[in-house]
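Under this note's numbering, read the sequence shown as residues 110 to 309, first letter to last. Heads up, the beta-carbon is just placed ideally off N, CA and C, and yes, glycines get one too. All values derive from a computational prediction rather than experimental measurement. Note sheet for the following structure.
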Amino acid sequence: MASFNISENPFDFERGFIIDFNPDTGLSMKLDTGKRMLSQMKGMFYNDEQFDKDVAAGDKLVYEFHSMPAPEDAGDLAFGCSILYPGKVGDEYFFTKGHFHEVIDTCEVYYCLKGHGYMLCESPEGDWDCFEMLPGQVVYVPKRYAHRSINVSPNETLITYYVFRADAGHNYGAIETKGYRKLLVDRDGVPTIIDNPKWK
Ligand code: MN
């Protein structure tokens with residue numbers, strides 16, 4: 110079986126297209142991933158001393174993500190997979206940097222394909238929620254909330270598939286300079302919310 114009458118353009122947002130995502134790896138044969146190394150996340154974990162030690166011992170890949178070549182149009186959707194590897198800096202689980210959307214009144218859905226994690230959401234005013242993610246569950250991230258994925262599994266990759274409005278944009282700056290008010294850390298094997306001692 111095959112599809113019929115398909116455009117020559119592999120990402121034809123006018124006529125439609127299909128794309129694969131491997132539910133075991135999150136990877137696609139059609140679209141490469143951007144890669145975030147631990148060394149690129151300086152200052153984002155609360156234990157800076159431990160962070161420097163860990164990077165000095167050998168840089169690590171923390172996560173990968175797809176950037177869909179979507180037109181920046183309110184009527185289009187961008188999507189892809191986030192692939193977050195297991196690991197910790199001290200007792201703080203590996204996470205994605207997290208971001209607000211530049212068009213802040215836009216939401217996003219994350220469908221968990223594999224692993225065990227949390228989605229930490231925080232509004233500019235400081236309201237927050239932390240949603241558990243297990244395979245088969247969808248998290249609806251409401252508009253105006255920054256969002257960050259956190260992998261709490263000791264050995265399994267957290268794979269989520271996301272969809273958001275194509276013109277939403279990413280605002281990392283506010284998170285990189287201020288940080289999150291809340292953090293998720295491992296306390297005796299239990300994911301636990303704490304106040305971020307570095308929050309400005
Ligand atoms: Mn987003």
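Task: Distance between isoleucine 115 and tryptophan 237 (C-alpha atoms, nearest Å) - done: 44 Å
Open item on the list: Could you check if histidine 225 belongs to the surroundings of the ligand MN, using beta carbon to heavy atom distance under 7 Å?
Closed with: no
Task: Nearest-residue set for the ligand MN, Cβ under 6 Å from any heavy atom - done: His208, His210, Glu217, His256, Phe273
Open item on the list: Given this structure, state the Cα-to-Cα distance separating proline 195 from proline 263, to the nearest angstrom.
Closed with: 6 Å
Task: Contact set for isoleucine 127: own chain, Cβ-Cβ below 7 Å, skip 5 residues either direction - done: Ser112
Task: Whole-angstrom distance between glutamate 201 and tryptophan 80, CA atom to CA atom - done: With the chain covering 110 to 309 only, the question about residue 80 has no answer from this structure.
Task: Reference leucine 170; option with closest CA among Gly278, Gly143, Ala183, Asp185 - done: Gly143
Task: Contact under 8 Å by Cβ, methionine 228 with valine 250 - done: yes
Task: Beta-carbon separation (whole angstroms), leucine 186 vs alanine 275, contact threshold 8 Å - done: 6 Å
Task: Closest by C-alpha distance to aspartate 157, when choosing among Gly199, Gly184, Asn280 - done: Gly199
Open item on the list: Could you compute how far the alpha carbon of glycine 288 sits from the alpha carbon of methionine 153?
Closed with: 7 Å
TODO: Please report how far the alpha carbon of arginine 253 lies from the alpha carbon of glycine 278, in whole angstroms.
DONE: 13 Å
Open item on the list: Short of 7 Å in beta carbon distance, which residues of its chain neighbour proline 244, apart from the five on each side in sequence? Order them along the chain.
Closed with: Cys221, Leu222, Lys223
Open item on the list: Can you give me the C-alpha to C-alpha distance between arginine 296 and proline 306, rounded to a whole angstrom?
Closed with: 16 Å
Task: Contact under 8 Å by Cβ, glutamate 217 with phenylalanine 130 - done: no
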